[in-house]
Every structure is written in C-alpha cells, then in structure tokens.
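Take a look at the structure below.
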C-alpha cells in the first residue's frame, strides 16, 4: 500500500498512516461534533470524526478518527481504520454493534472496539483494546449482516 | 491508483477542494510488528553454542517438531512448541515466562503464561492476563484470549477477546 510509511521491517518504530483523502477515495466526512443516525449508505470512503449510529454500508474505506464513534450494524467494503471508538465507550461489550469489514481492519494503539468485528484480516497494534468477539472472514463466506439487521 | 477518477490533476483548476488536498494528516497507528520470515532466529547450530549465562537459572523447554504430547504441563521458565500438544500448558505466574508456538506447532488446550506468541495453531484459551499476546500472520487461533497487551498481524482469528486491566490502571 502506498500510504504506509515503514520501510525497514525490523525497525521497531511506529507504523504511520497517511490519511490522504484523494488517494484513499474518502469522499464522505462526518465532522467532529456531528451525530448522524439512521439507515445509511455511503458511496466511497468515509472519514468519521463525529458519531454515526444505525445501520448501513460504506462502499470504500472507513476511518474512525480519534474523536469518532460508530455504533450499530455496518458493512465496510474497504479497509477499516479504528483510531477512535467502535461500539459503546463503556468497557462492557456492545452487543448491538456488529461490523463486517471485507478488507483489513486496522486497530491503532488508540483504538477501542467493544462490538463484534468480522474482517478479512486484522492488524492490531499494542495498546489497542478489543473486547468481544472477532472472526476472520473467509473469502467464500459473506455474512449477511445487513439482511439479518433488517429482518430483526 | 493512477486510474483513480478522484486523483488531482495539477493542470485542472477545480481539481480538488482545498480541504481535501491540503489536509493529508499522518497518524500514528502503533508499534509495528515484523513479519515472521523476517524475525531474527538462531540456526540449530547456533543454538548449541555456549553463551554467557546471566545470574540465576534460565529454563527453556522445547517440544520439537514431530513430538506429540497429551496431558497437562506445568512449566518453569519458557517453552517453545514446534510439535503437537493436546492439553494445557501452564507457566507459573511468578515467572516472566514465554510460550512460543512456532509455525509447525499445534496446541489444543489452554495456555497460561505471561507472554504468548503464536505463529502456528491454537484451539482453546490463551490466558495472558497482565501480560502480552502476539499473533503473527501465520497464526490460526480460535477460542478465547485474555490479554493486557495484544498485537495481531493478520492472523486467522476466531476468538472471544477480553482485555484484563492491570493494577496500574485507573478504571477497573
């Protein structure tokens, strides 16, 4: 990937993510202080700096910023970067939050996830918090997260 | 990325709004984890070489590739598992022990230790409450994980995760 900066694999330094909205095709943004609730579909990537609740689909990358919070049932077709909160802010497991990520889920050292996370690949950094179930998605299986959510 | 329809063209006056093009922040993700094939390891010939041993006993056990073990093992020190274990591995909490399951290693059972590194397969509980769990990209882990520090680098993971707070933490 072009937006990662760490050339020396044995260098125990930090991985840095360059959030370039153009390269990452992040065309949607929920700014800090904003709260969006409902059944939503984002065409392209989303930079989440505020709060997003409900259900829906992000057809691109999702970056949950340090100030961002996502709750509910969402399907992310691209990679997921968790720098903020996925699920409730409390320590308890958030059983109402279920995220299906068809790419790689990156949980940074500042990231906290208390919901259920399904992802094709997980990369989790020291200091990150994952409470609750995690499942690696196999290529052949696609979990009907949204259908289950809509039928319930 | 060249074919990206959103890519900016310098000759295009209305290429990208300012708040998109000027704002490309770099964020720290955390300490990086090396890929398994790039981990520094000692060749067998090197392992047999005498080394200066620091004060106090150093105990390291190895369950070699091809060895299959059933039962419960209580370990003082550290252990490397390259074979198959059916049962529990327990490293005393008083020891800063390390359990390493190599790429050829399989453990079906619970592992309790301060530090756990997995490059192979485990089924069961990985209990490193107060300690560290590292899952490398070749690992396949299912069951439960109790940890205070957890690093995952693309492992195949199907687990219930539980973070254990240490005494130093403010909130419990």
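Residue numbers (our numbering), protein chains in the order written: chain A, 524 to 675; chain B, 942 to 1113. No residue lacks a Cβ here, since even glycine has one placed at the ideal position from N, Cα and C.
Query, Result
"In whole angstroms, what is the alpha-carbon distance linking residue 644 of chain A and residue 969 of chain B?", "20 Å"
"Using a Cβ-Cβ distance cut-off of 8 Å, determine whether residue 1062 of chain B contacts chain A.", "no"
"On the criterion of 16 or more Cβ atoms from any shown chain inside 10 Å, does residue 966 of chain B qualify as buried, or is it exposed?", "exposed"
"Does residue 537 of chain A come within less than 8 Å of chain B when only Cβ atoms are used?", "yes"
"Would residue 657 of chain A pass as an interface residue toward chain B - the criterion being a Cβ-Cβ separation below 8 Å?", "yes"
"What does residue 1094 of chain B touch in chain A if you count any residue whose Cβ is under 7 Å from its own?", "646"
"Between the stretch 1030 to 1039 of chain B and the stretch 1053 to 1062 of chain B, can you find at least three pairs of beta-carbon atoms closer than 8 Å?", "yes"
"Would you please verify whether the beta carbon of residue 650 of chain A is less than 8 Å from any beta carbon of chain B?", "yes"
"Roughly how many angstroms lie between the CA atoms of residue 584 of chain A and residue 569 of chain A, to the nearest whole one?", "6 Å"
"Starting from residue 1099 of chain B, find everything on chain A with Cβ-Cβ shorter than 9 Å and list it in chain order.", "656, 657, 658 and 659"
"Would a C-beta distance cut-off of 8 Å place residue 1085 of chain B and residue 1060 of chain B closer than the cut-off?", "no"
"Taking Cβ-Cβ distances shorter than 9 Å, what residues in chain B pair up with residue 631 of chain A?", "968, 969, 970 and 971"
"Using a Cβ cut-off of 8 Å (strictly closer), state whether residue 965 of chain B contacts chain A.", "yes"
"Taking 8 Å as the cut-off, decide whether the C-beta atoms of residue 627 of chain A and residue 639 of chain A are in contact.", "no"
"Which of the three DSSP states is assigned to residue 974 of chain B in this structure?", "coil"
"Tell me whether the beta-carbon of residue 575 of chain A lies closer than 8 Å to the beta-carbon of residue 593 of chain A.", "yes"
"Taking the alpha carbon of residue 1018 of chain B as the reference point, which residue from B:1079, B:1093 and B:1039 has its own alpha carbon closest?", "B:1039"
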